[in-house]
Amino acid sequence: MIYLQVLANGVVLGGLYAAIAVGFSLVWGVLNIINMLHGSFIVLGAYVAFFAYGLFGLHPFLAAPIAGAILFAIGYSLQSTVINRVIRAPVLMTLTLTFGLDLLLNNAMLLAFKADYRKVVLDPPLGSMFFGPIVLPLDRVAVMALALLLTYGLYRLLRDSKMGRAIISVRMDREAAALMGVDVMRMQAITFGIGAFMAGAAGSLLSIIYPISPLNSMTFLGKAFVVCVIGGLGSVGGAIVGGIALGLIESFAALWFGPEYTVPLSFALLVAFLAVRPTGLLGRRGYE
Amino acid sequence: MTALLELNGVSRSFKGLRAIDNVSLAVNAGEIVGLIGPNGAGKTTLVNVVTGMYPATAGRVHLDGRDITRVAPNRIAQLGVARTFQIVQPFPRMTVGENIAAGALFSGGARSLADARARARELAQQVGIGGLTDQPAEMLTLARRKRLELAKSLAMRPKLLFLDEVNAGLNPAEIDDALKLIGKVAQSGVTIVVIEHLMKVVLSISTRLVVLHHGQLIADGLPQEVVRDPRVAEAYLGKRYVEASRGPSS
Amino acid sequence: MRTAIILVIGAALFAALLLLGSNYAIRFATIFAMYATLALSWNFIGGLAGYPSFATAAFFGLGSYASAILQSSGIPMLMAWPIGGLFTAIFAAVIGLAILHLKGHYFAIASLALVEFLRELVNINDQLTGGGMGLNLPVAHAGVTQQALFFLAAMLAVTIVTLLAAVVVSRRKIGFALRCIQQNEDAAIMLGVNARRYKAAAFTLSALFPGVAGGIYASWVHYIDPSDVFDILLSVKPLVMVLLGGLGTLFGPVIGAAVFLVLEEAVWRSFLTVHAAVLGLLIVALVLFLPNGLMAIGRRRWRASQA
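Chains A, B and C, in that order, are what the protein sequence lines are. If you're matching positions, the first sequence starts at 2 in this note's numbering and goes up one per residue. If you're matching positions, the second sequence starts at 1113 in this note's numbering and goes up one per residue. If you're matching positions, the third sequence starts at 263 in this note's numbering and goes up one per residue.
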C-alpha cells in the first residue's frame, strides 16, 4: 500500500520537476547553451509571486504569467546583449559566462531579499485530496497540473505557431533560416526569453511548496540538469519523462535509503546516464 | 599470396539504413584501385569501416591476413592504413610542419618530436608545400590543404592509403599535379584506393575499378571492362562515358 | 622572452612579500601557491586537452578528506598528503573511464555532478567524515609563524612539482598528443593517437596535484567541512585564472592566479557583500573582452604585424 503512495508522490513530484526543467531543456536543446542562471530565474519568479501575494494579495497561480513575463524580459535582454556574443564560442566560454552572470544575479538577489527563507502561505490552505488509500496535498497536485499545462502550452507554441517554427528552424540550420528571412539573433533572444519565462512561471507556482531563497537556486539547477539528461534534450516529452523518472526515483529512494540519499543518488544517476546513455531515455531530438 | 586488404561480406547499417551491404573485395599490394559510384553509394562509409571509424555491423575486414574488424582506429592507423578526408581536417592552429609531424610521430615510427619534425620538412618538400612548414594550417588555400592531408598520411608510412575525393574543389591544373603526385606515391610502394567521381581522373590512374551502388558492389575488374559493364552504365556512367572510354586506358 | 621577464618580476615581488615576514603576507603567498597548483592542474585537461572540467573541487575535497581521515587513523601528515593525492588520482582514472568519452556540455556536467555527488556523499557518511559537522585535524606544536612558513613551503613545493610536470608534458609526446586531441580529436585518432589513454592521463594529472594540495590545505586550516572543500568555486576560480592568464599556455595559469588573487585582495575583499557579484563581473568581462587571456594581448598585435 505504501508503494502506491510513494508512486503517487513520485508522479506529482515528477510533474514539478518537468516544469522546472522544460525551459532549461529548450535553451540547451535549441541554442546549445547551458543556462547556469536557470535556477536563479526560478527563484526570482518565486520572489515575484511572494511579493505579489504579500503586497497585492495576488494568488501565486495568477502571478505566474506575470513572473513569467518579467523573467522573459530579463532573459531576452541578457541574451541579446551579452550571451549572443559568445553563442558560437566553445562550451567552456558559454558555461563560464552564464556562471558569471549567475553569480551577479544571485548576489543581487541576496542583497535585495536577504538569504532568509520565505514561503507563500496560502490563506486558507488548500488541504489534501484523498484517492482511496492515497493522500495527495492539494497544493502540490494543483501546482503539478498547472505546471503541466504550462508545459503543454510550450509544446503547442513550438509545434504550431509561426514563432515556434522559426525557433526550430534556427536550431536546424542557422544559415538556411537566415536566408529564409528569419531574424536569427532575435529568435535566439526570444528562445532564451521563453526559457526564462518558463522558469519564472514555474518558480511562481512552486513558491507555495518550496521555501524561497537565493540559496536554493543551485538545487533547482541541479534538478534541471538531471531531468534533461535522463529524459533527453530537444523535446518537451523528454522533460516530462525525465521529470517523472526523477520524481519516482527520488520518492522510492527516500523510502528505501532515506531522504538524505535523494540528492547524491540523483547525481550518481546523472553520471551513470551520461556514461551509458547520454542522450537520455527519449534520445536527443530537435523539437520537430 | 594474401591480399593486402580483404573485405568479406561487410555491411554497415545506420538505424535501419544499409549504407554498405554485403561487400566483398580484395585489394592486392601495389594496385591503384579506383572506387567509384554515385553520391550516397557508400564509398566514404566503406573507408570509415575499414579504418575503424565505424564498426562493421556484419562481415570481416583483414589487413595482411590480420583481422582488424574490431580493432580501434588509432591502432589500425599504426598498422599501416591511412586516409585523407573529403572535408580536409587539419589541426587548424598548429603549423603545417606540426600537422605532418603528428602523422610521423603517432604512426610513422618517428622516435622523437625532433625526428618527426625533420621527416615533416622532407615530406612537405615532396608534396610541394616545402616553404610553408611554419604557417598555421588554417591559413592554407584548399589545394595546399589537400597536399597537407596527403603529406600527413604519407608521414604515417602507410601500406594502404585511401584518398577520399582528393580532387574535389581543384581546378584542372591542380588536378593534373595531384595525379602526378599520386603516381609517385604509388611508385614508392604504397597501395592506393582512390575514391573519385571524376571519371577521367579515376580512369587515368587506376589499375582496377570497383563500383558501389546503393551500398552494394556491382562491378570489380579492369577499368576498360568495368566501364563497359551495362549494370555500371545503368547505375552511374551514362551512355556518353561508355562511348568515350572505348579507347585503351591505363 | 616576455614570459621570462614577467616571471622574474613576479618572483622578485613574491620574495619581497615574504621578506616583509608578516603572517598576512605568508598566508597570501600560501593561497597563491595553492591556486597556482589548481590552475596548472586544470590546464592539463581543460587547456591542453580542451575538455571543460569542473571537477577540480571534487579532487581537492577528496584529497582533503582522504588525508584528514588517514591522519585520524594515525598516519603521519607527511605521508597522508601523498597517499591522499594518489587516492584522488586513482579515483580520477576510474571515473575517467566513465566520462571521458563525453564531449562538450555533457562532460562539463558530468564533472560538475562529481563535485555535488561527493559533497553529499561525505555529508551522509558522517561516521567516517564527521558529516556536516566537519572534521578536525591535529594541530602541530610549533609557533604560529613557523607553522605558516612550513605550510607555505609545502604548498609551494607542490606548485613547483606541478609546474615541472606541466613543462615536461608540454615538451614531450603527450603534450603534442593533447594539443592534437584538442584541435581535432577524430583526426588525431585517425593519425594513430590513442586518445583514450592520453585523455585519461591528462585527467589523472588534473586530479593528482589538487588531491595533494587538498590534503595540505586541510592540515593548514585544521578543520574542514563538505561545503568548504567541495565548493564549486574551487573549480571555477582556477578555470578563470587560466582563462585570465591564457588557455593552454605554460605559465598562463600561474600568471592568471597571481593577477586574480591580487585583484581579489586589492579590489573586492573589502566588499564582502558583493564579493560574488564582482567575481561574476570579472568573469563576464573576461569572456566577452579577453577570451584569450592576458598573455595574448601583446601577441595578437604581434601576429597582425606579421601578416
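By construction, the Cβ of each residue, glycine as well, lies at the ideal position given by its N, Cα and C atoms. The structure displayed is predicted, hence computed values, not measured ones.
Span of the alpha helix (DSSP H) around residue i
i	result
N1160(B)	1155-1162
M167(A)	First, the amino acid is wrong: residue 167(A) is Ala here, not Met. Per DSSP, A167(A) belongs to the alpha helix (DSSP H) from 163-173.
T292(C)	285-304
Reference residue i; option with closest CA among the options
i	options	result
F274(A)	F226(A), L38(A), A254(A)	F226(A)
Q189(A)	L5(A), R278(A), S252(A), L32(A)	L32(A)
A462(C)	G508(C), A295(C), A266(C), Y313(C)	Y313(C)
A262(A)	K435(C), W482(C), D388(C), L550(C)	Per the sequence presented here, residue 262(A) reads as Tyr, with Ala not at that position. Y262(A) has its Cα closest to that of D388(C), out of K435(C), W482(C), D388(C), L550(C).
F1203(B)	M452(C), S497(C), V549(C)	M452(C)
M94(A)	L525(C), A539(C), V498(C)	V498(C)
A1249(B)	G1242(B), V1239(B), L1260(B), L1116(B)	L1260(B)
T424(C)	P553(C), L506(C), A538(C), V516(C)	V516(C)
S468(C)	S284(C), N305(C), I386(C), A295(C)	N305(C)
A65(A)	I75(A), S78(A), A47(A)	A47(A)
G1281(B)	N1134(B), L1137(B), L1254(B), A1170(B)	L1254(B)
V171(A)	K163(A), V183(A), L27(A)	V183(A)
T299(C)	A355(C), A287(C), L548(C), F321(C)	F321(C)
G238(A)	G154(A), P215(A), L216(A)	G154(A)
V1339(B)	L1321(B), Q1328(B), S1300(B), H1325(B)	L1321(B)
Rounded C-alpha distance that separates residue i from residue j
i	j	result
G1215(B)	C442(C)	11 Å
V1162(B)	E1346(B)	28 Å
A1168(B)	R1257(B)	30 Å
R1269(B)	Q1190(B)	9 Å
L1291(B)	Q1336(B)	19 Å
V23(A)	M341(C)	49 Å
Q409(C)	L418(C)	14 Å
L14(A)	P126(A)	19 Å
R1231(B)	A278(C)	48 Å
M557(C)	G508(C)	6 Å
F513(C)	Q1198(B)	38 Å
I191(A)	A74(A)	9 Å
G1177(B)	A355(C)	35 Å
S214(A)	G542(C)	19 Å
L362(C)	P553(C)	25 Å
V228(A)	M219(A)	14 Å
Exposure label - residue i; buried when at least 16 CB within 10 Å
i	result
W257(A)	exposed
Y327(C)	buried
R285(A)	exposed
Y485(C)	exposed
M110(A)	buried
D1179(B)	exposed
S567(C)	Because the pLDDT at S567(C) is just 37, under 50, the model does not fix this residue reliably, and the point stays unresolved.
N285(C)	exposed
R562(C)	In this prediction, R562(C) scores a pLDDT of 47, lower than 50, which makes its location untrustworthy; the coordinate-derived value is nonetheless stated afterwards. By the 10 Å Cβ count, R562(C) comes out exposed.
H403(C)	exposed
A20(A)	buried
Q1237(B)	exposed
T391(C)	buried
S129(A)	exposed
R141(A)	buried
L1297(B)	The residue you asked about is not Leu; residue 1297(B) is Val in the sequence shown. Under this definition V1297(B) is a buried residue.
E176(A)	exposed
W564(C)	Residue confidence for W564(C) is low, a pLDDT of 39 falling below 50, so the modelled location carries little weight; the figure read from the coordinates is stated next. Exposed: under 16 other Cβ atoms inside 10 Å.
Per DSSP, the bridge partner or partners of residue i
i	result
V1135(B)	V1122(B)
L158(A)	L158(A) pairs with nothing; no bridge assigned.
Y485(C)	N398(C)
R1172(B)	N1120(B)
S129(A)	P138(A)
L1147(B)	I1307(B), V1322(B)
T1207(B)	P1248(B)
I213(A)	R119(A)
R1130(B)	S1125(B)
D1179(B)	H1174(B)
Where the beta strand (DSSP E) containing residue i begins and where it ends
i	result
R1320(B)	1320-1325
D1332(B)	1328-1333
G58(A)	Looking at the DSSP string, G58(A) is not in any beta strand (DSSP E), and its letter there is neither H nor E.
R1195(B)	1193-1195
F1274(B)	1272-1276
Near the ligand SAM: residue i beta-carbon under 6 Å from a heavy atom
i	result
T152(A)	Although the ligand SAM was asked about, the structure shown includes no ligands whatsoever.
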